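Here the structure comes first, spelled out in structure tokens, and everything after it is commentary.
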Amino acid sequence: MSPEPPLISRGASAPQDADRSTVPPDGRPLAEQPKWRRDFPIDWPQDEYVSRRDLVKFICLTSVAFVVGQFWIVGKSLFGRREAALPALAIADVDELPIGGAKTFRYPEGSTPRLLVRTGAATFVAYDQQCTHLLCPIVPAHREGMGVAASERGLELHCPCHNGWFDLETGRPLAGPPRRPLPRVSVEVRGSIVYATGVEEPAA
Amino acid sequence: MKHRPAFSDERAPGRRPPFVRAQRMTIVNGILLFVVLIVILQLWLLTATMNAYLGGDTGVVWPAALASLVCLGLNAGLLWYLYRLD
Ligand code: FES
Numbered sequence: 508m509s510p511e512p513p514l515i516s517r518g519a520s521a522p523q524d525a526d527r528s529t530v531p532p533d534g535r536p537l538a539e540q541p542k543w544r545r546d547f548p549i550d551w552p553q554d555e556y557v558s559r560r561d562l563v564k565f566i567c568l569t570s571v572a573f574v575v576g577q578f579w580i581v582g583k584s585l586f587g588r589r590e591a592a593l594p595a596l597a598i599a600d601v602d603e604l605p606i607g608g609a610k611t612f613r614y615p616e617g618s619t620p621r622l623l624v625r626t627g628a629a630t631f632v633a634y635d636q637q638c639t640h641l642l643c644p645i646v647p648a649h650r651e652g653m654g655v656a657a658s659e660r661g662l663e664l665h666c667p668c669h670n671g672w673f674d675l676e677t678g679r680p681l682a683g684p685p686r687r688p689l690p691r692v693s694v695e696v697r698g699s700i701v702y703a704t705g706v707e708e709p710a711a
Numbered sequence: 004m005k006h007r008p009a010f011s012d013e014r015a016p017g018r019r020p021p022f023v024r025a026q027r028m029t030i031v032n033g034i035l036l037f038v039v040l041i042v043i044l045q046l047w048l049l050t051a052t053m054n055a056y057l058g059g060d061t062g063v064v065w066p067a068a069l070a071s072l073v074c075l076g077l078n079a080g081l082l083w084y085l086y087r088l089d
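Residue numbers (the numbering used here), protein chains in the order written: chain A, 508 to 711; chain B, 4 to 89.
What follows is the structure, given as structure tokens:
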């Protein structure tokens, strides 16, 4: 039986000769390799090169996915915040609510509950009643703390679940866990009736 | 009969690639490093943009998308270079 030819790796005389030899992954000569490896002595360095190149290709695919995600956000920002065109719906009588009073309604019919709050003699605001943190129902309330008495602070929207607070005029989060504003329902007072006229879709 | 280890060099004998395999291995490792860094940058861009967008700030959406596109262009260029090596 003829001995195994020496395996040439990095130290070959001509650099190109190194390309024509193979070295097992653990660097030991072929004779010391397990039988399955001796039976199929593939070109291991080339195999490693190709798998690295494939990894680069795969990461480039991930890169494509990130770009798609970015443009999805662009699309959402262009088309996501449109006011849905909905027919106006009578939701309350002006005299039905005292200033600071609130009432829930559904708009459009079958939607999640919305909250209408009377903020002045003829001014109303309305929002989705679900907190943007974990969907608990919000209520109008006065906030205490930070040296200000509850009665001195204006009315705000309160989520009792985790003590979240929203601004009554804009729906923006003020305190607590919520990070996103409440989706707004636009309202209009015509005569003595309050109408809901549109819904601002949430951003996501 | 002399037993020789197999190798998969099936190119025409006269045609040599510009780099030997050890050099190509170094190049592919370097490119891998760059591509990974760029993809991490893209991941950061995506999360930061999503965060800003959900917070109501839509001003960063376009610049971030274009920056991500430039990153993809860099990655594609590096991959193209790698395929041109052999
Ligand atoms: S659900 Fe409203 S603060 Fe958590």
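Cβ coordinates follow ideal geometry from the N, Cα and C atoms, glycine included. Here the structure is a predicted model, which is why all the values come from computation and not from measurement.
Using a Cβ cut-off of 8 Å, pull out every chain B residue sitting near A/S584, in sequence order please. Y56, T61, V64
Boundaries of the beta strand (DSSP E) in which A/C666 is found, first to last residue: 662–666
B/T52 CB to nearest chain A CB: under 8 Å? yes
Just to check my reading of the structure: A/V632 and A/E676 have Cβ atoms closer than 8 Å, yes? What is that Cβ distance to the nearest angstrom? 7 Å
When you measure from the CB of B/L44 to every non-hydrogen atom of ligand 1, does any distance come out below 7 Å? no
Measuring straight from C-alpha to C-alpha, what distance separates A/R660 and A/G698? 31 Å
Exposed unless 16 or more other CB atoms sit within 10 angstroms - verdict on A/D635: buried
Any heavy atom of ligand 1 closer than 7 Å to the CB of A/H649? no
Unbroken alpha helix (DSSP H) runs of length 4 or more, entirely within the segment 542–569 of chain A: which are they? 542–546
Please list, in chain order, the residues of the segment 38–50 of chain B that have any C-beta partner in chain A closer than 8 Å. V38, V39, I41, V42, Q45, L46, L48, L49
Starting from B/R27, find everything on chain A with Cβ-Cβ shorter than 7 Å and list it in chain order. Y556
Around ligand 3, which residues pass a check of Cβ closer than 6 Å to any of its heavy atoms? Looking for ligand 3 in the displayed structure turns up nothing; the ligands present are ligand 1.
List, in order along the chain, the chain A residues whose C-beta lies closer than 8 Å to that of B/L85? R560, V563
Within chain A, the residues that B/L36 reaches when beta carbons sit closer than 7 Å: Neighbours of B/L36 on chain A: none; closest Cβ ~10 Å, over 7 Å.
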